[in-house]
Structures are given as structure tokens and as C-alpha cells.
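Asker: So that we are looking at the same thing, I have put the structure below in C-alpha cells.
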């Protein structure tokens, strides 16, 4: 009996979208003004 696995090829989908995001620089942070004082916020 040949049973087909349910689901999808996540490796192919992930590769496709990573390339899409890389080409469009979707998640690239903008250059910031380094002359401003540095700080951090800790919220608990």
C-alpha cells in the first residue's frame, strides 16, 4: 500500500519566500543616526 504524506514541502516554500524577502530587502533595518545618545528600556 502506497500512502501519500499529507502536508506541504516547507523547504521549497521557505526557500522561495526567503529569496523574495532578500531581493526586496523586506527586513533590512534603516541606517540610524548614530549621533543620538544610546539607551535601552527594560519593562517587567
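Residue numbers (the working numbering): 1335 to 1378.
A virtual CB, placed ideally from N, CA and C, is assigned to each residue, including glycine.
Nothing here was measured: the structure is a model prediction, and the numbers come from that model.
#1: Below 8 Å CB to CB, which residues in the same chain sit around residue 1360 once its five sequence neighbours on both sides are set aside?
#2: Roughly how many whole angstroms lie between the Cα atoms of residue 1367 and residue 1376?
#3: Is DSSP giving residue 1340 helix, strand or coil here?
Answerer: If we stick to the structure as given:
#1: Numbered from 1 along the chain shown, position 26 holds the residue referred to as residue 1360. Around residue 1360: 1354.
#2: Along the chain shown, one-based indexing puts residue 1367 at 33. Along the chain shown, one-based indexing puts residue 1376 at 42. So the two alpha carbons sit approximately 22 Å from each other.
#3: Against the chain shown, residue 1340 aligns to sequence position 6. In the structure shown, residue 1340 sits in coil (DSSP, three-state: anything other than H, G, I, E or B).
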